[in-house]
Amino acid sequence: MSTHLPGTLAVHAGQQPDPATGAVAPPIHLSTTFRHGPAGERLGGYEYQREGNPTNDRLREALAALEGGATALTFASGMAAMTTLLESLPAGSRVLFPDDCYSGLRMLFSEFLPERGLVVETIDMADLDAVREACARPLSLLWVETPSNPLLKVYDIAALADLGHAAGALVVADNTFATPLLQRPLALGADIVMHSTTKYFGGHSDVLGGALVFARDDDFTRKVAHRLHITGAVLAPFSAWLILRGCRSLGARMAMHCANARRLAAFLAAHPAVARVNWPGLPTHPGHAVAAAQMRDFGAMLSIELRGGREAALAVAGRLRLFTNATSLGGCESLVEHRASVEGANPRSPQNLLRISVGLEDADDLIADFAQALG
Ligand SMILES: *Cc1c(COP(=O)(O)O)cnc(C)c1O
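Numbers 1254 to 1628, taken from the numbering used here, label the letters of the sequence shown in order.
And the structure:
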């Protein structure tokens, strides 16, 4: 199975017909407890839902196959995956994060991780010289998120993995925006891939989940798994089933998401009201060459910066009809969001920026909606 291409793995991994009934669609095992022998012998391999269950194991198998990892863990959310991983590091660990990253990660490392004794630093990971300098001192973990949120910066995973490893660090890649259909960080040298499966994996804006995929099933992997099973931020079986269902169409959806994004980005880049389009597929994007080398396609997240500042951005967001003003991404429906308005007291996103999750509607309708909204 693992020799197949990602599009095939997405359809088949974790998808063996149910041995008990032959059912082609996987059953959902909701049981919290599993019969064991009088001395606690595990008869069917399971004991208690928090420790593992068959529906979750199918999803774990699919995720590990898709990312080319040795094993995967699933979590109640992407944030639960991140937190469980980062809290598995010993106190005093020095951790390097990118300056442009998911806002939840930013809150985690600025509010919570220092309290746990982690030493947190941020850096522009597109500046490899700066990263090299930061890696001159011992480092426990280097976090990559590419393309990044919300500026769609592109970071060179292979180069960062080399620099991180030379400093003794684990290298972790948040692959939520790209998915393994477009980018496989473990093959580029990363040690762990993190996902918010809430996004493209779920694909229908109706399930919350997270995952970690590990290149090796080693002591650290087992430490994270143990922490998950004891602290309990586990994925519910029904959620695992929905995410597994999302896997089956992930290849087809990503192809259409990317094709729609390409059309919309080209339209927006040529529009006089738009000062800048942040999408790595544009040849003018500073990370285009790196993205072309490490991605199969450029994804369907983009952001635009309006010439008219904050007022123009809010007006355009208000006039869009097909794009819903909402947070999150990766669903069938296109979304738009003025990030600075939802980032709390100290927004980092430019005030003239709108982030766009390009959905699966007809591209002509998406372009027409922006054409009327931009005026
Ligand atoms: C949404 C998201 C997360 C957090 O995942 P949740 O499932 O919302 O907890 C992390 N990273 C990226 C890039 C995201 O888009």
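Here a beta-carbon is modelled for each residue, glycine too, at the ideal position from N, C-alpha and C. From a predicted model like this one, the values you see are computed outputs, not experimental measurements.
Is Ser1634 buried or exposed, if buried means 16 or more other CB atoms sit within 10 Å of its CB? This structure does not reach residue 1634, given that the chain is present from 1254 up to 1628, and the question cannot be answered.
Extent of the continuous beta strand (DSSP E) to which Ala1426 belongs: On the sequence shown, residue 1426 is found 173 positions in, with the first residue counted as 1. Unbroken beta strand (DSSP E) run through Ala1426: 1423-1427.
If you drop the 5 nearest sequence neighbours on each side, which residues of the same chain put their C-beta closer than 7 Å to that of Ala1493? What you label residue 1493 is simply residue 240 of the sequence shown in a count that begins at 1. Result list for Ala1493: Thr1308, Asn1309, Leu1312, Thr1327, in chain order.
Val1466 in three-state terms, based on DSSP: For the purposes of this step, residue 1466 is taken as the residue at position 213 of the sequence shown. Of the three classes helix, strand and coil, the one that applies to Val1466 here is strand, per DSSP.
Let me check understanding here. Comparing Cα to Cα, which of Glu1614, Leu1521, Ala1542, Gly1463 lies closest to Leu1627? As a first step, residue 1627 must be located in the sequence shown, where it is residue number 374. If you compare the alpha carbons of Glu1614, Leu1521, Ala1542, Gly1463 with that of Leu1627, the shortest gap goes to Leu1521.
Do we get a CB-CB distance below 8 Å when we pair Val1446 with the residues of chain D? Absent from the structure is chain D; it holds one protein chain and no more.
Any idea what DSSP makes of Met1360, helix, strand or coil? For the purposes of this step, residue 1360 is taken as the residue at position 107 of the sequence shown. In the three-state reduction of the DSSP assignment, Met1360 falls in the helix class, which pools H, G and I.
Which same chain residues end up closer than 6 Å to Ala1489 when comparing Cβ atoms and leaving out the 5 residues on each side of it in sequence? Here residue 1489 refers to the residue found at position 236 when the sequence shown is read from its first residue. For Ala1489, where only same-chain residues beyond five positions count, there are no Cβ hits under 6 Å.
Same chain, Cβ closer than 8 Å to Ser1363, five either side skipped, listed in chain order: For the purposes of this step, residue 1363 is taken as residue 110 along the sequence shown, with counting starting at 1. Within the same chain, Ser1363 has close Cβ partners Val1373.
Give the DSSP-derived three-state secondary structure of Trp1494 in the structure shown. Here residue 1494 refers to the residue found at position 241 of the sequence shown. Of the three classes helix, strand and coil, the one that applies to Trp1494 here is helix, per DSSP.
Less than 7 Å separating the Cβ of Leu1495 from some heavy atom of ligand 1? Sequence index remark: in the sequence shown, residue 1495 carries index 242 (1-based). No, since every heavy atom of ligand 1 falls outside the 7 Å radius drawn around the Cβ of Leu1495.
For the stretch 1556-1563 against the stretch 1587-1605, are there 3 or more C-beta pairs whose distance is under 8 Å? With a cut-off of 8 Å, the stretch 1587-1605 and the stretch 1556-1563 count as touching, because enough Cβ pairs lie within range.
Asn1599: buried (16+ other C-beta within 10 angstroms of its C-beta) or exposed? Here residue 1599 corresponds to residue number 346 of the sequence shown, with the count starting at 1. The residue is exposed, with fewer than 16 neighbouring Cβ atoms inside 10 Å.
Assuming contact is defined by CB atoms lying nearer than 8 Å, are His1448 and Ala1464 in contact in what I supplied? To locate residue 1448, count along the sequence shown from 1; it is residue 195. To locate residue 1464, count along the sequence shown from 1; it is residue 211. Cβ atoms of His1448 and Ala1464: closer than 8 Å.
Say the cut is 7 Å; is the CB of Lys1452 nearer than that to a heavy atom of ligand 1? Taking the first residue of the sequence shown as position 1, residue 1452 is located at position 199. The answer is yes for Lys1452.
Would you identify the three-state DSSP class for Met1447, choosing helix, strand or coil? As a working mapping, residue 1447 is identified with position 194 in the sequence shown. Three-state DSSP puts Met1447 in a strand.
Using 7 Å as the cut-off, classify the Cβ of Phe1430 as near or not near the heavy atoms of ligand 1, replying yes or no. Residue 1430 sits at position 177 when you count from the first residue of the sequence shown. The answer is yes for Phe1430.
So is Ser1284 buried or exposed if we call it buried at 16+ other beta carbons inside 10 Å? Stepping through the sequence shown from its first residue, residue 1284 is reached at position 31. A residue is called buried once 16 or more other Cβ atoms fall within 10 Å of its Cβ, and Ser1284, having fewer, is exposed.
Assuming Ser1341 contacts Arg1480 (C-beta within less than 8 Å), just tell me the rounded distance between them. One-based indexing of the sequence shown puts residue 1341 at position 88. One-based indexing of the sequence shown puts residue 1480 at position 227. That belief holds up - the Cβ atoms of Ser1341 and Arg1480 are roughly 5 Å apart, short of 8 Å.
Does the Cβ of Asp1427 lie closer than 7 Å to at least one heavy atom of ligand 1? Translated into the one-based positions of the sequence shown, residue 1427 becomes position 174. Answer for Asp1427: yes, Cβ within range of ligand 1.
With DSSP as the reference, identify every bridge partner of Arg1295, one or two as the case may be. Position 42 of the sequence shown holds residue 1295. Answer by DSSP bridge pairing, in chain order: His1289.
Under 7 Å from any heavy atom of ligand 1, does the C-beta of Gly1357 make it? Residue numbering aside, residue 1357 sits at position 104 when the sequence shown is read from its first letter. Under cutoff, so the answer is yes.
When Met1332, Thr1261, Gly1275 are compared against Leu1319, the one with the closest alpha-carbon: Within the sequence shown, residue 1319 is the residue found at index 66, counting from 1. The shortest C-alpha separation from Leu1319 is found at Thr1261.
Per DSSP, Met1509 forms a beta bridge with which residues? Along the sequence shown, one-based indexing puts residue 1509 at 256. Under DSSP, Met1509 forms no beta bridge with any residue.
Are there 16 or more other CB atoms within 10 angstroms of the CB of Val1277, so buried, or fewer, so exposed? Taking the first residue of the sequence shown as 1, we reach residue 1277 at position 24. Burial call: exposed.
Return the chain-ordered list of same chain residues with a C-beta closer than 8 Å to the C-beta of Val1460, the five sequence neighbours on each side being excluded. Here residue 1460 is taken as the residue at index 207 of the sequence shown, counted from 1. Counting only Cβ-Cβ distances below 8 Å, and skipping sequence neighbours, we find Thr1450, Thr1451, Ser1492, Leu1495, Ile1496, Gly1499.
Got a sec? Which residues, its chain only, sit under 8 Å from Ala1514 by beta carbon, not counting five neighbours each side? Sequence index remark: in the sequence shown, residue 1514 carries index 261 (1-based). Correct list, in chain order: Trp1532, Gly1534, Phe1551, Gly1552, Ala1553, Met1554, Leu1555, Val1611.
From which residue to which residue does the alpha helix (DSSP H) around Thr1537 run? To locate residue 1537, count along the sequence shown from 1; it is residue 284. From DSSP, Thr1537 is part of no alpha helix (DSSP H); its letter is neither H nor E.
Go through its chain and collect everything with a Cβ distance to Ala1528's Cβ below 6 Å, but skip five positions before and after it. By 1-based counting over the sequence shown, the position of residue 1528 is 275. Answer for Ala1528: Glu1558, Arg1560, listed in chain order.
For His1541, the nearest candidate out of Leu1395, Leu1441, Thr1399, Glu1314 (CA to CA): Along the sequence shown, read from residue 1 onward, the residue named residue 1541 stands at position 288. Checked all of Leu1395, Leu1441, Thr1399, Glu1314; the closest Cα to His1541 is Thr1399.
Go to Ala1263, then tell me how far its alpha helix (DSSP H) extends in each direction, as first and last residue. Position 10 of the sequence shown, counting from 1, holds the residue named residue 1263. Looking at the DSSP string, the run of the alpha helix (DSSP H) that includes Ala1263 is 1259-1265.
Leaving aside the five residues before and after Ala1565 along the sequence, list all residues of the same chain whose C-beta is less than 6 Å from its C-beta, in chain order. Reading the sequence shown from its first residue, position 312 is the one you call residue 1565. Taking Ala1565 as the centre and dropping the five residues before and after it, the same chain places the C-beta of Leu1559 closer than 6 Å to its C-beta, in chain order.
Would you mind listing the alpha helix (DSSP H) stretches within the stretch 1344-1392 that are 4+ residues and don't spill past its ends, in chain order? Here the runs fully enclosed are 1356-1360, 1381-1387.
Starting from Glu1320, follow the alpha helix (DSSP H) in both directions and report where the run begins and ends. The sequence position of residue 1320 within the sequence shown is 67, counting from 1. That run of the alpha helix (DSSP H) goes 1307-1320.
Quick one: which unbroken beta strand (DSSP E) runs of 3-plus residues sit fully inside the stretch 1540-1592? Chain order, please. DSSP runs (the beta strand (DSSP E)) wholly in the stretch 1540-1592: 1554-1559, 1588-1590.
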